[in-house]
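So the protein lines, in turn, are chains A and B.
Numbering-wise (this note's numbering), the first sequence opens with residue 1 and increments by one.
Numbering-wise (this note's numbering), the second sequence opens with residue 186 and increments by one.
Don't be surprised by glycine CBs; every beta carbon is placed ideally from N, CA and C.
Note that the coordinates shown come from a computational prediction; the quantities given were computed from them, not determined experimentally.
This report refers to the structure that appears directly beneath it.
There are 2 protein chains.
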Amino acid sequence: MPEILTEKTLPESKALFIRRWGEMSSYWGINRTMAEIHALLYVSTEPVCTDDVMALLQVSRGNASMNLRSLVDWGLIERSHVRGDRKEYFAARTSVWEMFETIIRQRKRREVEPIVETIQRCREMAAKEMNLAKGAKAVDAKACLHRLDDMAKFIQVLGTTMDLLLKVGPKGMDRITGLMMKIAG
Amino acid sequence: MPEILTEKTLPESKALFIRRWGEMSSYWGINRTMAEIHALLYVSTEPVCTDDVMALLQVSRGNASMNLRSLVDWGLIERSHVRGDRKEYFAARTSVWEMFETIIRQRKRREVEPIVETIQRCREMAAKEMNLAKGAKAVDAKACLHRLDDMAKFIQVLGTTMDLLLKVGPKGMDRITGLMMKIAG
DNA sequence: CGGAACTTTCAATAGTCTCTGAAAGAAGAA
DNA sequence: TTCTTCTTTCAGAGACTATTGAAAGTTCCG
Numbered sequence: 001m002p003e004i005l006t007e008k009t010l011p012e013s014k015a016l017f018i019r020r021w022g023e024m025s026s027y028w029g030i031n032r033t034m035a036e037i038h039a040l041l042y043v044s045t046e047p048v049c050t051d052d053v054m055a056l057l058q059v060s061r062g063n064a065s066m067n068l069r070s071l072v073d074w075g076l077i078e079r080s081h082v083r084g085d086r087k088e089y090f091a092a093r094t095s096v097w098e099m100f101e102t103i104i105r106q107r108k109r110r111e112v113e114p115i116v117e118t119i120q121r122c123r124e125m126a127a128k129e130m131n132l133a134k135g136a137k138a139v140d141a142k143a144c145l146h147r148l149d150d151m152a153k154f155i156q157v158l159g160t161t162m163d164l165l166l167k168v169g170p171k172g173m174d175r176i177t178g179l180m181m182k183i184a185g
Numbered sequence: 186m187p188e189i190l191t192e193k194t195l196p197e198s199k200a201l202f203i204r205r206w207g208e209m210s211s212y213w214g215i216n217r218t219m220a221e222i223h224a225l226l227y228v229s230t231e232p233v234c235t236d237d238v239m240a241l242l243q244v245s246r247g248n249a250s251m252n253l254r255s256l257v258d259w260g261l262i263e264r265s266h267v268r269g270d271r272k273e274y275f276a277a278r279t280s281v282w283e284m285f286e287t288i289i290r291q292r293k294r295r296e297v298e299p300i301v302e303t304i305q306r307c308r309e310m311a312a313k314e315m316n317l318a319k320g321a322k323a324v325d326a327k328a329c330l331h332r333l334d335d336m337a338k339f340i341q342v343l344g345t346t347m348d349l350l351l352k353v354g355p356k357g358m359d360r361i362t363g364l365m366m367k368i369a370g
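In structure tokens, the structure reads:
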């Protein structure tokens, strides 16, 4: 059998996945190395140490160390230990749902909540102007208030949806998808 | 009446909103000016021209021009015209749902589809190795395949959810939120 | 056409984010 | 303690992205 055909297939598969995950990093607002490390750990069965990351992704020790730490902080990977070895090893969380949960929670805290808070303040200012000012100014304030309300309402719904998704869990998510199919016909 | 109290309230409200929207830009993966311009148009009742953007946000003509064009390309703002004025004016789409729709569509195309395609290819390579290789290599291939499958399945669900959200529209979204509340108790 | 009004482009510059590598820090072993 | 091994930090270098401003392009009008 031509063993050569499959000689490097798995490493290539992993490399491809890592590359694509890294390319997506800019859309997710994180840096490329962090995404690549995460992908590397995700497709690694065995725990991986800092030197492995350095060798496989061709990055410096400092870079590897910093990004591994960030990933631990985000809760996307975990420190792991290998018996008889003092080095620190790392392994990805493999539950995709848990990964998703972690990310949702972060994004809500960092993106949804500050905006809701800000719009609330903007709203109050606009409302005050609407009541106290006269003529064109009052009209503009009213229109602005209306737009702020629309945005606030929408973002609130987003936030609520995130909370509910977290509450219902993966099973619930399947049910929701099913329900949507019905609504969409 | 102390008119002074409300003298600048509305402009301040708008400025605050613009600032916060700009701060969020890094999370959205777009540049700050683009987000600020969008926010400015969103809270502007009257159409706004390039010179207004330059003056209000303190940016150069080129910068204003480029980012206005990007926003038009994204479908988040529209060209508008003022009778008797040759200048181009711009106005934000004010339907928040339409904005959301546009963004969902873009993100699906740019993020979900390429990943699905890539994982599919990775999967095939891993499957091939699993069948042809022996021993430890085959075991690793199997484990890797399993993780890729988990990820693929999850991302597929994401994609389907996006499609369905677009299909059901804002009304449907309210219904779904209602249903979720029931599921979550 | 010729010129005025306005928009777009792009090379140069400024600014921001990321990475490196060496030095400092920490923790187990002898 | 001191040595060894491993991890973290951070100033400076480097890479990448955004911005400027002036020149080129476009469109409208007489």
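Of the residues Met151/A, Leu68/A, Ile18/A, which one's Cα is nearest the Cα of Val112/A?
As a working note, residue 112/A is residue 112 in the first sequence. The shortest Cα separation from Val112/A among Met151/A, Leu68/A, Ile18/A belongs to Met151/A.
Report yes or no: is there a C-beta of chain A within less than 8 angstroms of the C-beta of Asp325/B?
By 1-based counting over the second sequence, the position of residue 325/B is 140. Yes, contact with chain A.
Listed by chain order, chain B residues near Tyr89/A by CB distance under 7 angstroms:
Taking the first sequence and counting its residues from 1, the one referred to as residue 89/A is at position 89. Ordered by position in chain B, no residue passes the 7 angstroms Cβ test against Tyr89/A, which lies about 17 angstroms from the chain.
Let me see if you follow: with CB-CB separation under 8 angstroms, is Glu36/A close to chain B or not?
By 1-based counting over the first sequence, the position of residue 36/A is 36. Not an interface residue.
Compare the C-beta of Ala249/B against all C-beta atoms of chain A and say whether one is closer than 8 angstroms.
For the purposes of this step, residue 249/B is taken as residue 64 along the second sequence, with counting starting at 1. Chain A, which has no Cβ nearer than 8 angstroms to the Cβ of Ala249/B, makes this no.
Thr362/B classed as buried or exposed, judged by whether at least 16 other C-beta atoms fall within 10 angstroms:
Within the second sequence, numbered from 1, the residue matching residue 362/B stands at position 177. Exposed.
Nearest residue (CA-CA) to Gln243/B, options Phe275/B, Asp270/B, Ile203/B, Arg308/B
Counting from one through the second sequence, the residue named residue 243/B turns up at place 58. Per the Cα distances, Ile203/B.
On a CA-only basis, which of Met219/B, Leu364/B, Arg308/B is nearest Ala277/B? Give me that one, please.
Here residue 277/B refers to the residue found at position 92 of the second sequence. Nearest of Met219/B, Leu364/B, Arg308/B to Ala277/B, Cα basis: Met219/B.
Would you list, in sequence order, the uninterrupted alpha helix (DSSP H) runs of no fewer than 4 residues that lie entirely inside the segment 94-152 of chain A?
96-107, 113-132
Starting from Ser36/A, trace the alpha helix (DSSP H) both ways and give me its first and last residue.
Your numbering for residue 36/A matches position 36 in the first sequence. Reading off the sequence shown, one finds Glu at residue 36/A, where the question assumed Ser. Element bounds for Glu36/A: 32-42.
Any beta-carbon of chain B closer than 8 angstroms to the one on Cys49/A?
Indexing the first sequence from 1 puts residue 49/A at position 49. No, Cys49/A lies away from the interface with chain B (no Cβ there is under 8 angstroms from its Cβ).
Taking the straight line between their C-alpha atoms, what separation do you get for Arg317/B and Trp259/B?
Against the second sequence, residue 317/B aligns to sequence position 132. Against the second sequence, residue 259/B aligns to sequence position 74. The sequence given here places Leu at residue 317/B; Arg does not occur at that position. So the two alpha carbons sit approximately 47 angstroms from each other.
At which residues does the alpha helix (DSSP H) containing Ser250/B begin and terminate?
Counting from 1 along the second sequence, the entry for residue 250/B is found at position 65. That run of the alpha helix (DSSP H) goes 246-259.
Among Ser13/A, Lys14/A, Glu36/A, Pro11/A, which one has its Cα closest to the Cα of Glu189/A?
Given that chain A is displayed from residue 1 to residue 185, the structure contains no residue 189/A and the question cannot be resolved.
Flag this pair as yes or no: are the beta carbons of Ala138/A and Met130/A separated by less than 8 angstroms?
Here residue 138/A refers to the residue found at position 138 of the first sequence. Here residue 130/A refers to the residue found at position 130 of the first sequence. Contact flag set, yes.
Just verifying my parser: in three-state terms, what is the DSSP assignment at Arg83/A?
Translated into positions along the first sequence, residue 83/A becomes position 83. Here Arg83/A sits in coil by DSSP.
Chain A contacts made by the segment 292-304 of chain B, where a contact means CB separation under 8 angstroms
Arg292, Arg295, Glu296, Pro299, Ile300, Thr303, Ile304
Any 3 or more C-beta pairs closer than 8 angstroms across the segment 346-361 of chain B and the segment 170-185 of chain A
yes
Buried or exposed: Ser211/B, going by 16 or more other Cβ atoms within 10 Å of its Cβ?
The sequence position of residue 211/B within the second sequence is 26, counting from 1. It is exposed - the Cβ of Ser211/B has fewer than 16 other Cβ atoms within 10 Å.
Cβ-based contacts, 9 angstroms cut-off: residues of the segment 275-288 of chain B near chain A
Ala277, Thr279, Ser280, Val281, Trp282, Met284, Phe285
Residues of chain A with a CB under 9 angstroms from the CB of Gly214/B: which are they?
Counted from its first residue, the second sequence places residue 214/B at position 29. Under the 9 angstroms cutoff, chain A gives Ser26, Tyr27, Trp28, Gly29.
C-beta neighbour in chain A for Ile262/B, strict 8 angstroms
What you label residue 262/B is simply residue 77 of the second sequence in a count that begins at 1. Not closer than 8 angstroms to any Cβ of chain A, the Cβ of Ile262/B fails to qualify, so no.
So that I know if they touch, is there some Cβ in chain B lying closer than 8 angstroms to that of Val53/A?
By 1-based counting over the first sequence, the position of residue 53/A is 53. No, Val53/A lies away from the interface with chain B (no Cβ there is under 8 angstroms from its Cβ).
If you draw a straight line from the C-alpha of Tyr42/A to the C-alpha of Lys199/B, how long is it?
In the first sequence, counting from the first residue as 1, residue 42/A sits at position 42. In the second sequence, counting from the first residue as 1, residue 199/B sits at position 14. Taking the straight line from one Cα to the other gives about 44 angstroms.
Run through chain A and tell me which residues come within less than 8 angstroms of Met336/B, C-beta to C-beta.
Walking along the second sequence from the start, residue 336/B turns up at place 151. Simply Tyr42, Val96.
Any C-beta of chain A under 8 angstroms from that of Leu253/B:
The residue you call residue 253/B lines up with position 68 of the second sequence. Not an interface residue.
Take Val257/B as the anchor and find which of Lys327/B, Thr287/B, Ile304/B has the nearest alpha-carbon.
The residue given as residue 257/B occupies position 72 in the second sequence. Answer by Cα proximity: Thr287/B.
For Glu88/A, does the three-state DSSP call read helix, strand or coil?
Residue 88/A sits at position 88 when you count from the first residue of the first sequence. If DSSP states are grouped into helix, strand and coil, Glu88/A belongs with coil.
Taking C-beta pairs closer than 9 angstroms, name the residues in chain A that Gly357/B reaches, listed in chain order.
Taking the first residue of the second sequence as position 1, residue 357/B is located at position 172. Here the neighbours are Met180, Ile183, Ala184.
Span of the alpha helix (DSSP H) around Pro196/B
Counted from its first residue, the second sequence places residue 196/B at position 11. That run of the alpha helix (DSSP H) goes 194-213.
Nearest-angstrom Cα distance between Arg69/A and Asp270/B?
By 1-based counting over the first sequence, the position of residue 69/A is 69. By 1-based counting over the second sequence, the position of residue 270/B is 85. C-alpha separation (whole angstroms): 57 angstroms.
Residue burial classification, Met99/A (beta-carbon count within 10 angstroms, cutoff 16)
Within the first sequence, residue 99/A is the residue found at index 99, counting from 1. Under this definition Met99/A is a buried residue.
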